[in-house]
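Residue numbers (the working numbering), protein chains in the order written: chain A, 608 to 930; chain B, 33 to 238.
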């Protein structure tokens, strides 16, 4: 079965993936609709509504992703850059920057972000890997210094740096996957992005539904009432399983695909937890799809797993395969 | 589509891209009634933000106030305020025989809605300064026009005084319940009440 799937041409594999992905989504939508025909108690209704909301977001995401894929690497890079921009906007809204940070923030949004995605798109992977950790790390606080405001300086500089690392650096590794060149794996870079997204999303969904059923002891109660080690493990295993099922679109062998899926999935759910801690710190109490009063729509919550998983995934692949 | 309309849509799009420009309506729905929106003033960006937060069909009949000497100084500024925003011009220099509120009264007689910043100048503290009397006189002359308080949040972070390029940060505009001038109400009492209504919305927004 696996070798047969592997032997298909690129366009056949794409067609098959199209049928699978949109088939699963349509099935979920139909199932959700069928469920809505029956009346349900109040408490179920709320979680059902949340689920419907997530499903709609998933549809939008998948369709966008597919359009980007169909139109080529340039559009996909642009798409991820826009998502990155919106995520960073939300991140900066949540942190308390001061007037003196204005120039540093402008540089982060309008210089660092475009340059990072340009480096990804142009396959300058050497500079791409160090541009933010080295150069932006030095440049942003320098700009902030000339804001002439020492109040909580380290804290502000750290927040801007961290936001850029997560929202720009982390996110930019997803489109960079498109352009990695594996031997005997031409034109299939987008499969790796799909692999990563599916693995991370499966882990996240599995972890969430596990926490609802398990009632296990929370691992960090002050930050998240629901995150538990057992649920995390189940989520990561689901990531591994999804990775294994998709191994035929990757350059990996089946056990490798499972292992990498496990790591990326586990990393992603951890990333979501870290982002939740950050929101707590910023005084935002709710989490997920509900729009908060600041207008933050919860995009950050959704992309955080990807932001954390993508660099780990990219660099482990980069290093392991030596490409 | 005419060029000013296109420019307006582009501006609204940019404002939404940079700030989100979320409008929250508490106590008054976004309806095409004649209204005076009054809000706290912290940045040049305030008007664009309120304008972008309004539904598209309300934008055409909601007009800002612009200082004539500044906003007609260059052809571009003049075009922007006249064609895109349909601004009401007022002169900052006071002459003897002219009522400075006359252009505003004209616009209201016309049936247009206005956005005014009764502090008169941009503050940079969190709390708005005391309101100027203009709002009171308009309320007195036009008792049928709804007075809607609005609180603009976060915009001082987008473009602090003295900066020209905005930083992308999410902002909200919270619109409150309409205010009415009570019969025989003292000017100072009314202005304090109006200011309190705006400040109260900051608590709702937080």
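Glycine included, each C-beta is placed from N, C-alpha and C at the ideal position.
In whole angstroms, give me the CA-to-CA distance for residue 62/B and residue 86/B.
7 Å
Every unbroken alpha helix (DSSP H) inside the segment 658 to 739 of chain A [4 residues or more]
680 to 701, 709 to 714, 720 to 728, 732 to 737
Output the distance between the C-alpha atoms of residue 672/A and residue 624/A, rounded to the nearest integer angstrom.
13 Å
Please tell me whether, using a cut-off of 7 Å, the distance from the CB of residue 206/B to the nearest non-hydrogen atom of the ligand SAH is below it.
As presented, the structure is devoid of all ligands, the ligand SAH included, so that no description of it is given.
Do residue 792/A and residue 850/A have their beta-carbon atoms positioned less than 8 Å apart in this structure?
no
By the 10 Å Cβ neighbour count, where 16 or more other Cβ atoms means buried, how is residue 40/B classified, buried or exposed?
buried
Between residue 222/B and residue 233/B, is the Cβ-Cβ spacing less than 8 Å?
no
Does residue 771/A come out as helix, strand or coil in the three-state DSSP assignment?
helix
Would you please verify whether the beta carbon of residue 184/B is less than 8 Å from any beta carbon of chain C?
In summary, chain C is missing from the structure at hand, where the protein chains are A and B.
For residue 618/A, does the three-state DSSP call read helix, strand or coil?
helix
Residue 934/A and residue 708/A: beta carbons closer than 8 Å?
For residue 934/A there is no data in the structure shown, the boundaries of chain A being 608 and 930.
Check the Cβ-Cβ distances between residue 202/B and every residue of chain A, and say whether any is below 8 Å.
yes
On the DSSP bridge assignment, give the partners of residue 168/B in chain order.
According to DSSP, which records beta bridges pairwise, residue 168/B is partnered with nothing at all.
Roughly how far, in whole angstroms, is the beta-carbon of residue 178/B from the beta-carbon of residue 37/B, given that I think they are within contact range, below 8 Å?
Incorrect: roughly 26 Å between the Cβ atoms, too far for contact.
Should residue 225/B be flagged as near chain A, meaning a C-beta pair shorter than 8 Å?
no
Can you give me the start and stop residues for the alpha helix (DSSP H) that residue 908/A sits inside?
906 to 928
Quick one: which unbroken beta strand (DSSP E) runs of 3-plus residues sit fully inside the segment 111 to 146 of chain B? Chain order, please.
120 to 122
Alpha carbon of residue 46/B to alpha carbon of residue 78/B, nearest angstrom:
14 Å
Here's the rule I'm using: 16 or more other beta-carbon atoms within 10 Å means buried, otherwise exposed. How should residue 875/A be labelled?
buried
Output yes if chain A places a C-beta closer than 8 Å to the C-beta of residue 195/B; else output no.
yes
Quick check on residue 832/A: does DSSP put it in helix, strand or coil?
coil
With 8 Å as the threshold, decide whether the Cβ of residue 712/A is near any Cβ in chain B.
yes
Within 10 Å of its beta-carbon, does residue 985/A have 16 or more other beta-carbons around it, so buried, or fewer, so exposed?
The question about residue 985/A has no answer, for chain A in this structure spans 608 to 930.
Under the three-state reduction of DSSP, which class applies to residue 95/B: helix, strand or coil?
strand
Contact criterion: CB-CB distance below 8 Å. Does residue 199/B meet it with respect to chain A?
yes
Whose C-beta lies closer than 8 Å to the C-beta of residue 165/B among residues of the same chain, with five residues either side of it excluded?
219, 223
With DSSP collapsed to three states, give me the class of residue 205/B.
strand
How is the alpha helix (DSSP H) around residue 782/A delimited, first residue to last?
778 to 785
Residue 183/B burial status per 10 Å Cβ neighbour count (16 or more: buried)
buried
Opening and closing residue of the alpha helix (DSSP H) in which residue 45/B lies:
35 to 51
Provide the residue span of the alpha helix (DSSP H) that contains residue 862/A, from first to last.
861 to 888
Put residue 797/A into one of helix, strand or coil per three-state DSSP.
helix
Can you confirm whether residue 141/B, when its beta carbon is compared against all beta carbons of chain A, has any partner nearer than 8 Å?
no
So, for residue 776/A: in the same chain, excluding its five sequence neighbours on each side, which residues have a beta-carbon less than 6 Å away from its beta-carbon?
739
Quick check: what's the CA-CA separation for residue 898/A versus residue 88/B?
Low local confidence applies: a pLDDT of 45 at residue 898/A is under 50, so the model's placement there is unreliable, and no value is given.
Suppose the cutoff is 6 Å on Cβ atoms and the five residues either side in sequence are ignored; what does the same chain contact list for residue 115/B look like?
36
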